[in-house]
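Take a look at the structure below.
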């Protein structure tokens, strides 16, 4: 038995198998790239997604901060980015103890270009008390609606009921 001939045949069959596998992978990768490109093109134009989310690849985002006070009364400022530039946004507060799905407070603002933030952005003084400054648990959810694109931001937990028991 000639071992060198068997090894050469074995190497050739392994090489052919490797080339066939590489071709199959390249074909599948090309097909999946096309499929993923089609899927991302479809998801980019999905209804309810803001213009800025399509342009910047991020959904509208909101966050709350505590406004400082020299007399001990702290307020909530709400900030946002990646909304429709020049479009109206509606901030809404939903209380955990209030009617389900009905905001107990709303305020409109116009999202505009702010340095360092993508898309339309805003900084709004809500006029609401920040009860976490006094030790109260977070009992409400704030969210922002981009009216132009019918898109909601993330949910932001805050405390606005300073008359409940301290946690």
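Residue numbers (our numbering): 347 to 513.
Built from N, CA and C at the ideal position, the CB exists for glycine as well.
Problem - Simplified DSSP assignment, three categories, for residue 480 - result: One-based indexing of the chain shown puts residue 480 at position 134. Note: residue 480 maps to helix in three-state DSSP.
Handout entry: C-beta contact flag for residue 490 and residue 410 at 7 Å
Key = Your numbering for residue 490 matches position 144 in the chain shown. Your numbering for residue 410 matches position 64 in the chain shown. Result no, Cβ atoms of residue 490 and residue 410 do not sit closer than 7 Å.
Problem - Own chain partners of residue 455 with C-beta closer than 6 Å, once the 5 adjacent residues on each side are dropped - result: Within the chain shown, the letter at position 109 stands for residue 455. Answer for residue 455: 435, 468, 470, listed in chain order.
Practice task
Whole angstroms is fine: what's the gap from residue 496's alpha carbon to residue 453's?
Solution key: Translated into the one-based positions of the chain shown, residue 496 becomes position 150. Translated into the one-based positions of the chain shown, residue 453 becomes position 107. Each residue's CA atom was taken as its position, placing residue 496 and residue 453 some 16 Å apart.
Practice task
Take residue 482 as the anchor and find which of 417, 407, 508 has the nearest alpha-carbon.
Solution key: On the chain shown, position 136 is the one that residue 482 refers to. Between residue 482 and the set 417, 407, 508, the nearest pair of CA atoms involves 508.
Practice task
Would you decide whether residue 485 is buried or exposed? Buried here means 16 or more other CB atoms lie within 10 Å of its CB.
Solution key: For the purposes of this step, residue 485 is taken as the residue at position 139 of the chain shown. Flag for residue 485 reads buried.
Practice task
Could you tell me which of 476, 500, 449, 433 sits nearest to residue 506, measuring between CA atoms?
Solution key: The residue given as residue 506 occupies position 160 in the chain shown. If we check each option's Cα against that of residue 506, 476 comes out closest.
Handout entry: Assigned exposure category for residue 418 - 16 Cβ within 10 Å defines buried
Key = As a first step, residue 418 must be located in the chain shown, where it is residue number 72. Residue 418 counts as exposed, since fewer than 16 other C-beta atoms from the protein chains shown sit within 10 angstroms of its C-beta.
Problem - Environment of residue 502 [buried if 16+ CB atoms lie within 10 Å] - result: One-based indexing of the chain shown puts residue 502 at position 156. Buried.
Handout entry: C-beta atoms of residue 439 and residue 449 nearer than 7 Å
Key = For this step, residue 439 is matched to residue 93 along the chain shown. For this step, residue 449 is matched to residue 103 along the chain shown. In this structure, residue 449 lies closer than 7 Å to residue 439 by Cβ.
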